[in-house]
Amino acid sequence: MRRLEKAGLVGLGLVAGISLSLQFAAMAEKEAVVTPLPVEELRAFTEVFSQIKNNYVEPVTDKQLFTNAIKGMLNGLDPHSAYLDADEFKDLQVSTQGEFGGLGIEVGMEDGLIKVISPIEDTPAYLAGVKTGDLILKLDDSLVKGMSLNDAVKRMRGKPGSKIILTILRKNEHKPLIITVVRAVIKVQSVKAKLLESGYAFVRITQFQEHTGENLSTALDKLVKENKGPLKGMVLDLRNDPGGLLDGAVAVSAAFLAKDALVVYTEGRTEEAKMRLTTSPENYLRGNSKNDYEKIIPASIKSVPLVVLVNGGSASASEIVAGALQDHKRAVIMGTQTFGKGSVQTVLPLGNNTAIKLTTARYYTPGGRSIQAKGIVPDILVEDPTASGSDSVLNLRESDLNKHLINDKQADDKADFSHKTEAAPKNGTENSPPVEFGTKNDYQLNQALNLLKGMQILQGK
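FYI, our numbering numbers position 323 of the sequence shown as 306, with every residue one higher than the one before it.
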């Protein structure tokens, strides 16, 4: 089985212009497990099938009934298992390459409405002012209530250049907001990097894609050359990064950790679901590639003082990286508690250009922590003063999703903020637009930079 088929993706739900974290698996390479059929349940199913066929107010095709039955089986399991029709399966495969069509928002369901988990940076939805925590009430003139998540996402997709009107409910707004978004082909730049000032670098990862590891290696090499020598400190920004490919998370971790260090391990019911992924090249290089792009990373990067910024929009692959760096004491984690998606989904093709996305494992940090329904608790809590309600992303987490998997390490269920805290000044109003990450007005980034400078002073003494 190819490397991608084994490792795959680890991210959030559906995107209007899809962005998921999954695991691709080849059904043909697995032997079917023969189990006895539940006769009574099958009898009930066929009876319901017959009643619908004969008595429903309008004719229904067999294909429609069976498709709905498959969707129901998967939707009833957890928030991340789903049936993917031909279009959705194709979109999923394309999205991991960093280019896809849609609005550019990560979404989930809450009380029958679409809830925005995270607008993807620099996309139409982000630029139009859609925010984390927004509830979408209507798509054009159609009420969302009663739609499935897949149906709503389909309506949000469309021809680039076409418009869609979103009716949005937002906390602290007294009436619904009407936001018009122009659909576009979404091209997500996975890695952004720059020198903040002499000796101090900023690297932002917006999504874990096929070439994230390679792009990061190139960016780190360029930063050191631009600085004309080793860096004094670096900020790795994972805020609002919804996840992506698992081997991308391993590659990013490998850039900063020692050789053969454990990044993440998974536990599931089958042997295929049990993995231990280290920083060895075979765990992040695709297929049979022998070109280890991380060889170009300057050796000084392994020891550069590092601060990782996270928030409630940091999920899955982002949490894997933050958890690995935290457990190995390689970085200080700063920001707010992450989303808490600690499960792995496997994409199982069905042979007719459709697939199912099935939750097959939980993942754990090197120290054995389960992130599921809890997330990563930062070493230093620093809130974003421009976020509605003091970091509105805290309003939605994995634990808020209907039928979410529980954290199997019960003692870890509750977050602990007994660490050092840094309160943010309350600048602006509840509805102030968010400050662009990586700019001089980015409060959390400024706090990270101050910490790095303080570490440099202490190191000098």
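Note that the Cβ used here is the ideal one computed from N, Cα and C, for glycine as well.
query, result
"On the DSSP letters alone, give me the boundaries of the beta strand (DSSP E) that Lys175 sits inside.", "174 to 180"
"Can you say whether Lys324 is buried or exposed, counting buried as having 16 or more other CB atoms within 10 angstroms of its CB?", "buried"
"CB-CB under 6 Å to Thr104, same chain, minus the five flanking residues each way: which ones, in chain order?", "First, the amino acid is wrong: residue 104 is Glu here, not Thr. Around Glu104: Thr189."
"Is Leu206 helix, strand or coil by DSSP?", "helix"
"Sorted by chain position, which residues of the same chain lie with C-beta nearer than 7 Å to Thr44's C-beta, five sequence neighbours on each side aside?", "none"
"With DSSP as the reference, label Asp425 as helix, strand or coil.", "coil"
"Can you pull the DSSP bridge partners for Arg467?", "No answer is possible for residue 467: it lies beyond the span of the chain, which begins at -16 and ends at 444."
"Compute the distance between the beta-carbons of Tyr267 and Ala234, then report whether it is under 8 Å.", "yes"
"Consult DSSP for Gly116 and reduce its assignment to one of helix, strand or coil.", "coil"
"Quick one: using the 10 Å Cβ neighbour count with 16 as the cut-off for buried, is Pro416 buried or exposed?", "At Pro416, the pLDDT of 49 sits below 50, so the modelled position is not reliable and the matter cannot be decided from this model."
"Would you be able to state if there are at least three C-beta pairs under 8 Å between the stretch 274 to 286 and the stretch 193 to 203?", "yes"
"Considering Cα atoms alone, identify which of Pro143, Leu110, Gly85, Gly216 is closest to Leu441.", "Gly216"
"Round the Cβ separation of Arg166 and Pro107 to the nearest angstrom and send it over; I've been treating them as touching at under 8 Å.", "7 Å"
"In the DSSP output, which residue or residues are listed as bridge partners for Tyr66?", "Ile339"
"Exposed or buried, Asp123, counting other C-beta atoms within 10 Å across all chains shown (16 or more means buried)?", "exposed"
"For Gly251, which residues does DSSP report across the bridge?", "Ala344"
"Which residue wins for smallest C-alpha separation from Pro213, given the options Phe239, Ile284, Gln192?", "Ile284"
"Go to Arg138, then tell me how far its alpha helix (DSSP H) extends in each direction, as first and last residue.", "132 to 139"
"Do you know whose CA, among Thr115, Gly141, Glu93, lies nearest Val130's CA?", "Looking at the sequence provided, one finds Met at residue 130 rather than Val. The shortest C-alpha separation from Met130 is found at Glu93."
"Which term fits Arg259, buried or exposed, when burial requires 16 or more other beta carbons within 10 angstroms of its beta carbon?", "exposed"
"Going by the beta-carbon positions, is the gap between Ala298 and Gly350 smaller than 8 Å?", "no"
"Closest to Asp230 by CA distance: which of Val360, Gln34, Val246 is it?", "Val246"
"If Leu432 and Val127 are in contact, beta carbons under 8 Å, what's the gap, nearest whole angstrom?", "Going by Cβ atoms, the distance from Leu432 to Val127 rounds to 41 Å, so no, they are not a contact pair."
"Between Leu341, Ala305, Val290, Leu118, which has its C-alpha nearest Tyr347's C-alpha?", "Ala305"
"Inspect the beta-carbon positions of Leu57 and Ile339 and report whether they are closer than 8 Å.", "yes"
"When DSSP labels each residue in this structure, what does Leu149 get in the three-state scheme?", "strand"
"Going by DSSP in three states, Gly372 sits in which element: helix, strand or coil?", "With a pLDDT of only 43 at Gly372, under the threshold of 50, the placement of this residue in the model should not be trusted; the figure read from the coordinates follows. Here Gly372 sits in coil by DSSP."
"From Arg(-14) to Asn37, what does the alpha carbon distance come to, in whole angstroms?", "The pLDDT assigned to Arg(-14) is 34, lower than 50, so where the model puts this residue is not dependable; a value taken from the coordinates is nonetheless given after this. Whole-angstrom Cα-Cα distance: 48 Å."
"Quick one: grab the DSSP three-state call for Gly318.", "strand"
"Determine, using beta-carbon pairs with one atom in the stretch 143 to 151 and one in the stretch 111 to 120, whether at least three such pairs fall under 8 Å.", "yes"
"Inspect the CB distances between the stretch 330 to 337 and the stretch 61 to 73 and report whether three or more fall short of 8 Å.", "yes"
"Once you ignore the five residues that flank Glu302 on each side, which residues in its own chain have a CB closer than 6 Å to its CB?", "Thr321, Ile354, Ile359"
"Looking at the unbroken beta strand (DSSP E) that takes in Ser101, where does it start and where does it end?", "96 to 102"
"When the distance is taken between beta carbons, is Ile280 closer than 8 Å to Ala241?", "no"
"Which same chain residues end up closer than 6 Å to Ser236 when comparing Cβ atoms and leaving out the 5 residues on each side of it in sequence?", "Val246, Val304, Ala307"
"Out of curiosity, what's the CA-to-CA distance linking Lys409 and Glu265?", "The pLDDT assigned to Lys409 is 49, lower than 50, so where the model puts this residue is not dependable, and the model offers no usable value."
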